[in-house]
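Single-structure report; data block below.
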Amino acid sequence: MATIEQKITNKIRIVTAASLFDGHDASINIMRRILQSQGAEVIHLGHNRSVQEIVDAAIQEDVQSVAITSYQGGHIEFFKYMYDLLEQRGAGHIKIFGGGGGTILPDELDELHNHGIARLYSPEDGREMGLVGMIRDLLHQSDFATKTESSGDELTQIQAGDVNAIAQTLTLIENYPEKAEKIIADLATLAAKKHVPVLGITGTGGAGKSSLTDELVRRYVTDFEDKTIAIISVDPSKRKTGGALLGDRIRMNAIYNPRVYMRSFATRQAHMALSKTVVPSINLLKVAGFDLIIVETAGIGQSDSEITELADVSVYVMTPEYGAATQLEKIDMIDFADLVALNKFDKRGALDALRDVQKQYQRGHGKFDQKPSEMPVYGTIASQFNDPGTNSFYRAIIDKLVERCNLDWQSGYEISAQMSEKIHIIPPDRVRYLAEIAETSDRYKQFVDKQVGLARQAFQLRGTIDLLKSQQKNTAELEQLFDDTWRSIDKDCQDILDNWDAKKQQYSDEFFK
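Numbering-wise (my numbering), the sequence shown opens with residue 347 and increments by one.
Spelled out as structure tokens, the structure:
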């Protein structure tokens, strides 16, 4: 992709997704990558997302716009409903952009534009403007601030649980901290009186932090039907462009609940796993009355452990694929984490990895009076529904929060001593079954081709022998060659050839016998 020059005045945040019942995400992925290269912070939801999910995300994330691709044919209803719902939810300032190739007709484009959709890009726009031109147009229309000044009544709205006020105040704190100094100070004072536990989740990139967080949220909202939860998720900014992919929502399926709030932040600085906005954001969410706050960091390296300074309970998420056991001695978080999740426990060597991590945790925490197996290290498979390891991990987190923060929570979530084990749709020893079918078919075809060649050669020899015999010529060598060729033919194939005339007669008779 060529370098694209685009001057952005404000920090632009955009929600991107493919519409409901639409699995075509190739185009939206291209668009979001160009947006990121321009310095935009993209909250990507993935494909097959409903209007409700998109609107909830857009409001909670306080974005300037949403960009949607829709190739499923229901674009009229989809985009109109999205616009109406944003207006209804007090977020009419959020602009809607989209496209659907040839599935959206010219008269339908006009209808949707007249309804209030900011811009739907047609194939003709693509030819005239190009991909870069369309993105520049989108960014130009989205280059505005959602909140630049304090209105003075933010604290009242936040304490009342106003989602719009919570989201916009977080934006004010992030983008204009100098104008939000009084709010930040007031929030810190009020938050100090609140007894709200903070759970910190950190780990290497790709360890499955978001998937595991989603599983913890699902269990929490099921376990405590009267409690709320807020999630702060941090992803790294690109040093070169300033853009960011805030992609944790892709893995989140349990957050679309009125008792759950989620906000994504970019680090906006290099070599950091957290944003400068995280501390005042935690204070704000405490004042808003959430019962539990989860802070998920960006992927970290071996020496990072800053989450422990913010969280009451810290969790480190890793996978069995960390290399040699000596690498564990370099991971600072194992020495500081209250619990460790060894995610993707279905990977080869997971049991050995569990033993090694337990031993390193024992050494790092000086718990030599306990067995390694008693260490709070849990094998989890976050991608698997109702995973027993994740169940045990969730319950251990709740118990640790209750102990550390002196809570009166009573978890009723049932756990078992069963260890995580992958439930396979296709058993591992049969993962090549389609290849085996193809290979068997190929072998049979090769066998048939060989038998056909031998049979053709045998009958050619037979015809030659008969011709020479009719001329009273010597055929001994040819008959020997015929016998050798005939014996080379498979026995079943010989039977088919020997009985061919009889079978032909059976099918030729008036009645089949």
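For each residue, glycine too, the CB sits at the ideal point set by N, CA and C.
Nothing here was measured: the structure is a model prediction, and the numbers come from that model.
Per the coordinates, the alpha-carbon of T810 lies some 11 Å from the alpha-carbon of K819. For V542, no alpha helix (DSSP H) segment is defined, and its DSSP state is neither H nor E. By the C-beta density criterion, T831 is buried, having at least 16 other C-beta atoms within 10 angstroms. Assigned with DSSP and collapsed to three states, F443 falls in strand. Secondary structure of V361 (DSSP, three-state): strand. Nearest to G589 by alpha-carbon distance, out of D841, I358, E407 and I835, is I358. In the DSSP assignment, I743 falls within the unbroken alpha helix (DSSP H) covering P734 to C751.
Taking C-alpha positions only, V580 is separated from A437 by approximately 24 Å. A residue is called buried once 16 or more other Cβ atoms fall within 10 Å of its Cβ, and V777, having fewer, is exposed. When DSSP reads this structure, T415 sits in a beta bridge with A364 and G445.
Burial of E561 is indicated by the presence of at least 16 other C-beta atoms within 10 angstroms of its C-beta. Fully enclosed beta strand (DSSP E) runs of no fewer than 3 residues are not present anywhere in the segment 781-842.
One Cα belongs to A670, the other to F714, and the distance between them is close to 23 Å. Less than 8 Å divides the Cβ of Y707 from the Cβ of I680. Taking C-beta atoms under 8 Å as the contact rule, V563 and I639 fail to qualify, at a distance of about 12 Å. Taking C-beta atoms as the reference points, I577 and D637 fail to come closer than 8 Å.
DSSP, reduced to helix, strand and coil, places M679 within a helical segment of the structure shown.
Judged by DSSP secondary structure, M608 falls within the beta strand (DSSP E) whose first and last residues are V606 to A612.
For R565, the uninterrupted alpha helix (DSSP H) run begins and ends at K555 to D569, by DSSP. A residue is called buried when at least 16 other Cβ atoms come within 10 angstroms of its Cβ; T548 meets this threshold and is buried.
Take the alpha-carbon of T517 and the one of I769: they are about 43 Å apart. Rounded to the nearest whole angstrom, the CA to CA distance from Y417 to D594 is 24 Å.
Per the C-alpha coordinates, the member of G446, L631, M664 and Q410 positioned closest to K493 is Q410.
When DSSP states are grouped into helix, strand and coil, R435 belongs to the coil group. Judged by DSSP in its simplified three-state form, D847 adopts helix. For M475, the uninterrupted alpha helix (DSSP H) segment begins and ends at P469 to S488. G725 has L688 as its beta-bridge partners, per DSSP. Distances from the alpha-carbon of I761 to those of L656, C751 and R741 put R741 closest. The alpha carbon of Q756 has as its nearest neighbour, out of Q764, L800, S497 and D569, the alpha carbon of D569. One thing to note: S556 has its Cβ within 8 Å of the Cβ of R597.
In the DSSP assignment, M377 falls within the unbroken alpha helix (DSSP H) covering A372 to S383.
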